[in-house]
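Enquirer: Here it is: the structure, laid out below.
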Amino acid sequence: MKTTGTVTGIVSNLVTIRVDGPVAENEICFIDLHGVKMMAEVIKVNGDLAQVQVFESTRGLKNGDKAEFEGRMLEATLGPGLLSSVYDGLQNDLTTMENVFLQRGEYTDPLDRKKLWEFTPLAKAGDKVIAADWLGEVKEGWLPHKIMVPFSFKGEFTVKSVIEAGSYNVDTVIATLINEEGAEVPVTMTQKWPVKVAIKGYKEKPRPNRIMETGVRVIDTLNPIAEGGTGFIPGPFGCGKTVLQHAIAKQGDADVIVMAACGERANEVVEIFTEFPELIDPHTGRHLMERTTIICNTSNMPVAAREASVYTAMTICEYYRAMGLKCLLLADSTSRWAQALREMSNRMEELPGADAFPVDLSAIISNFYARAGMVVLNNGNTGAVTFIGTVSPAGGNLKEPVTESTKKAARCFYALEQNRADQKRYPAVSPLDSYSKYLEYPEIEHYLDETIEKGWVEKVKKAKNIIRRGKEAAEQINILGDDGVPMSYHVSFWKSELVDFVILQQDGFDPVDSLCPLERQKFMLDMILDICDKDFDFEDYERCRDFFKELINMFRQMNYSEFMSENFEKYRKSTLKFVEDYGN
Amino acid sequence: MATKAFQKIYTRLEAITKATVSLRAKGVSNDELATVSGRLAQVVRTKGDMVTLQVFAGTEGIPTDSEVTFLGEPPTLKVSDQLSGRFFNAYGDPIDGGPEIDGEIRQIGGPSVNPYKRRQPSELIPTGIAGIDLNNTIVSGQKIPFFADPDQPYNQVMADVALRADVDKIILGGMGLTNDDYLFFRHAFEGAGALEKIICFVNTTENPPVERLLIPDMALTAAEYFAVDKNEKVLVLLTDMTLYADALSIVSNRMDQIPSKDSMPGSLYSDLAKIYEKAVQLPTGGSITIIAVTTLNDGDITHAIPDNTGYITEGQLFLRADSDTGKVIIDPFRSLSRLKQLVQNKKTREDHSQVMNASVRLYADAQNAKTKLENGFDLSDYDHRCLAYAKEYATRLLSIDVNIKIDEMLDTAWELFSKYFSKAETGIKQALIDKYWK
């Protein structure tokens, strides 16, 4: 028997329900509003009063209206067909809704139940299996989509039969298992999983040991993110957070990308699903949309579903990770999620923490970031979820609770600077404030030694040092005037400008420059460091400026040319000659 | 709004604050309207039998034995073509002496458009102001505010923009307008002979502040009628959103909610987003474009209201008094239209984005030269040329009193380039220099 209840209080989307039976924290219920069933989630229980957050507008709801509890938490539906979908925060398929306006209580199926998938068995009768083991596989686009023993299955099972290769829809029973009690259990291609619980079903979670290439120099070269790593991008509005995230989504070396548009502009989501189907994944040559799932809860959609949207997105990533795939989760922006938590906490009249955020904000954020990571599956394969979130700090001030809590949880920090954005130095990632803890990992250092070259991390530190010294020189020049400092200050400053313009800055709208592979990044950094190693002396600071300006211009032409193309070589040679000629 | 028959009348208030009253009542629905001593109020909280109502006109003089009647539905607006050319108050009642409107009754503050049903905005809205058209081109379906100090002529600029824009309907949502500004808009619209495409919802400073909360939803419900039902291009003007946010904070304060930054309610972001996200380009051709005003306190954009607005809107237009020319200009550095690249060089001449970037970059060089001058350093020949250029650029292009076509703006910029700079100094692509250099 389901627990039922009666509404006794309403403040915006926080509803109090008097219940007649047991309820669980985070249990889902449906509130009946004149026949429209509105989904809600229990967030607090006190005696026989359950407080629920409603995922819809509560307009018109009355005390006395009835609710029915479902005995389950908020779940994601997992199975082939998740990729290239556009979902709302509760995983409703937005593309199959008919109305222009979102209707209350309209819930659509996340998966196409009729579509046929080409199934190939991977397990055979007699195999011993446990949760998350692979039973078979279908091709989803070009990706091998594993059909697994559902994550919720406990204990060991024996495979009784697996269906033969062929075309089936997701609801077909593709295997029958026998549990420890000897009962038969059917398995289809789909399963459900509560989004707020991390999917385990792997052997171990080692430290990340390789980097995820993004093609963005200021990330890959200076502050690389690990595969299975975590990072965040805080920045005031207008600094290019979203553009940088889109660049990572387009170029990131991952099999699966899930983008959670959490409380942001709807037109940005429109941009994704207008442009992505046209764009080609640089790593596989396939359409980008084929590897992308969009979870979209824009700023005007119900606030409670904002929180659900990031969890739904993470669950989908974990599902693909269990297939041995590399997944990248991008959430824009986690501040909006934190604000949704704040609104609810406020309505529940909880004692507030800093800036009226709930006191457990920090714990919630670090729990969420902890779900990312590289894992070794039971069968020895590895999979990864890399997570990058953006943060929108109020007033651009990084000393606010969401930024501070995230800083504790995420291992990479990409600070966007208003100052750099104003000067149109994009991506506006601060070279000195930003960091990647992964550069300190011996595993990562070893990986970089092997894949790029021995001693790479030292080179990166050297480049950062040039920028630091340049910044100090610039400060002195500003105070004492161009003529008031020795020439070496000007040289230091311009060397840092060279690194800034050639390595840090990158034209996200240029087809060549926007994507810079690691090999090319190494090549350019080597060239720049060679030049910075040289001693320069000029008669006056204007000569110094003119020399470096010209040099920067030549390097930029290189950045705009195909790697190792004729043009590239031409600019490279003339650049080297230009530097050689100096002093003659 | 008429009272329905057979409604139970309550006569005992349990609590009164400046903006809310509470009483015991049964069968009340969330967001429902009620009258308290004849004043319109809305249900904002129920707890058991205790119902809290937000009284739009304020609670001054409301006694504990007031008559309270519940109307059974949230605020509505009657929509039809009869709305055109009319002026209404925050409740949607005519204030121009004209007849009542006949039409379909719609609840205001309705649901959001399914993001998947949107289209990418792609139609340019020309305004004649070069600070907008040239540097920060506005696109239909966009939402963008003016950030301005209270002493800037933002309402005049907005009226100019509205009357020059090629749209089917202009809907003004005036919140806390001074009576003078209200009359200014009225005369401006009448004088331009554009009255038939104008609809105004006005709350003046003489009206109670909480009433303002209804204005944006009223204006946008009318906008959705024309954009969705009639496939029209609608421009919505909202002024002043800072006063709207102030009204939000009054209500949340009276309801004992814990304030977040700058005494604003914690839900400020969502509250503002619900309004601005109504801007939309529909696949059927209809669109809603929102141009708003957010007044600043001494240019401070880190205050919660402009800060949250900036995260929601697609850019901002920054009005600033330019001390060199004595003109009010649209600041090219702090202004931004996030959608401009959707139309520049596509719906405008091929040289648009290059000319825009070059002219702003040279203007930035002039600012550097100015700083050098102020710090007592010597100026180079280039610095002097930059300063002279900046003056003319501000007067002929950035100033808000400019009214020319986009091609003319581009030609003017080329003229200034050749007057003050060498071809190489502009850094523009050679092919464009060959074609357009004067």
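Protein chains in written order, with our numbering: chain A, 8 to 591; chain B, 96 to 533.
C-beta: ideal position from N, C-alpha, C; glycine also.
#1: For residue 166/B, does the three-state DSSP call read helix, strand or coil?
#2: Would residue 413/A be called buried (16 or more neighbouring beta carbons within 10 Å of its own) or exposed?
#3: For residue 532/B, is the classification buried or exposed, using 16 other Cβ atoms within 10 angstroms of its Cβ as the cut-off for buried?
#4: Considering only the alpha carbon of each residue, which of 251/A, 324/A and 357/A lies closest to residue 516/A?
#5: Assess, as a yes-or-no matter, whether the segment 95-104 of chain A is touched by the segment 153-160 of chain A under the definition of 3 or more beta carbon pairs within less than 8 Å.
#6: Could you check what DSSP says for residue 294/A in three-state terms: helix, strand or coil?
#7: Any idea what DSSP makes of residue 376/A, helix, strand or coil?
#8: Please tell me whether residue 399/B has its Cβ less than 9 Å away from any Cβ of chain A.
#9: Measuring alpha carbon to alpha carbon, tell me which residue in 394/B, 357/B, 490/B and 262/B is nearest residue 321/B.
#10: What does the alpha-carbon distance come out to for the pair residue 360/B and residue 411/B?
#11: Within 9 Å of any Cβ in chain B, is that where the Cβ of residue 243/A sits?
#12: Within 9 Å of any Cβ in chain B, is that where the Cβ of residue 254/A sits?
#13: Would residue 365/B pass as an interface residue toward chain A - the criterion being a Cβ-Cβ separation below 9 Å?
#14: What residues of chain B sit near residue 195/A, judged by a beta carbon separation below 7 Å?
#15: For residue 57/A, list the residues DSSP reports as bridge partners.
#16: Less than 9 Å between CB atoms is the rule here; does residue 211/B satisfy it with respect to chain A?
#17: Whose C-alpha, out of 564/A, 443/A, 369/A and 201/A, is nearest the C-alpha of residue 48/A?
#18: Please report whether the beta-carbon of residue 110/A lies at a distance below 9 Å from any beta-carbon of chain B.
#19: Is residue 443/A near residue 519/A, with beta carbons less than 9 Å apart?
#20: Straight-line CA distance for residue 196/A to residue 356/B?
#21: Starting from residue 544/A, trace the beta strand (DSSP E) in both directions and tell me its first and last residue.
#22: Does the pairing of the segment 334-342 of chain B with the segment 396-407 of chain B give three or more beta-carbon distances under 8 Å?
#23: Name the two residues that bound the continuous beta strand (DSSP E) containing residue 377/B.
#24: Under 9 Å between beta-carbons, which chain B residues line up against residue 310/A? List them in chain order, please.
#25: Run down chain B in chain order and give the residues with a C-beta less than 7 Å from the C-beta of residue 429/A.
#26: Are residue 210/B and residue 303/A close, meaning C-beta to C-beta below 9 Å?
#27: Does the count of Cβ pairs from the segment 286-295 of chain B and the segment 139-148 of chain B closer than 8 Å reach three?
#28: Between the segment 289-297 of chain B and the segment 310-328 of chain B, are three or more C-beta pairs nearer than 8 Å?
#29: Let me know if residue 278/B comes out buried or exposed under the rule of 16 or more other beta-carbons within 10 Å of its beta-carbon.
#30: Considering just the uninterrupted stretch of the alpha helix (DSSP H) at residue 514/B, what are its terminal residues?
#31: Could you have a look at residue 389/A and say whether DSSP puts it in helix, strand or coil?
#32: Three-state secondary structure (DSSP) at residue 228/A?
#33: Looking only at its chain, what residues have a beta carbon closer than 7 Å to the beta carbon of residue 178/B, apart from the 5 residues adjacent to it on each side?
#34: Got a sec? Which residues, its chain only, sit under 7 Å from residue 131/B by beta carbon, not counting five neighbours each side?
#35: For residue 587/A, count the other beta carbons within 10 Å of its own beta carbon; 16 or more makes it buried, fewer makes it exposed. Which is it?
#36: Select from 434/B, 275/B, 477/B and 235/B the residue whose C-alpha is nearest the C-alpha of residue 260/B.
Expert: If we stick to the structure as given:
#1: coil
#2: So residue 413/A ends up on the buried side.
#3: exposed
#4: In this structure, 251/A is the residue among 251/A, 324/A and 357/A with its C-alpha nearest to the C-alpha of residue 516/A.
#5: no
#6: strand
#7: helix
#8: yes
#9: 262/B
#10: 23 Å
#11: Closer than 9 Å to some Cβ of chain B, the Cβ of residue 243/A qualifies, so yes.
#12: no
#13: yes
#14: The contacting residues do not exist; residue 195/A stays about 27 Å from chain B at best.
#15: 24/A and 52/A
#16: Output row for residue 211/B: interface = yes.
#17: When only C-alpha atoms are compared, the closest one is 201/A.
#18: yes
#19: no
#20: 48 Å
#21: Residue 544/A -> no beta strand (DSSP E), and no H or E assigned at all.
#22: yes
#23: It is not in any beta strand (DSSP E) - residue 377/B carries neither H nor E in the DSSP assignment.
#24: Neighbours of residue 310/A on chain B, chain order: 362 and 365.
#25: Those within 7 Å of residue 429/A in chain B are 428.
#26: yes
#27: no
#28: Under the three-pair Cβ rule at 8 Å, the segment 289-297 of chain B counts as touching the segment 310-328 of chain B.
#29: exposed
#30: 501-515 is the extent of the alpha helix (DSSP H) around residue 514/B.
#31: strand
#32: helix
#33: Excluding positions up to five away in sequence, the list reads 196, 294 and 317.
#34: 116, 148, 150, 157, 161 and 163
#35: exposed
#36: 235/B
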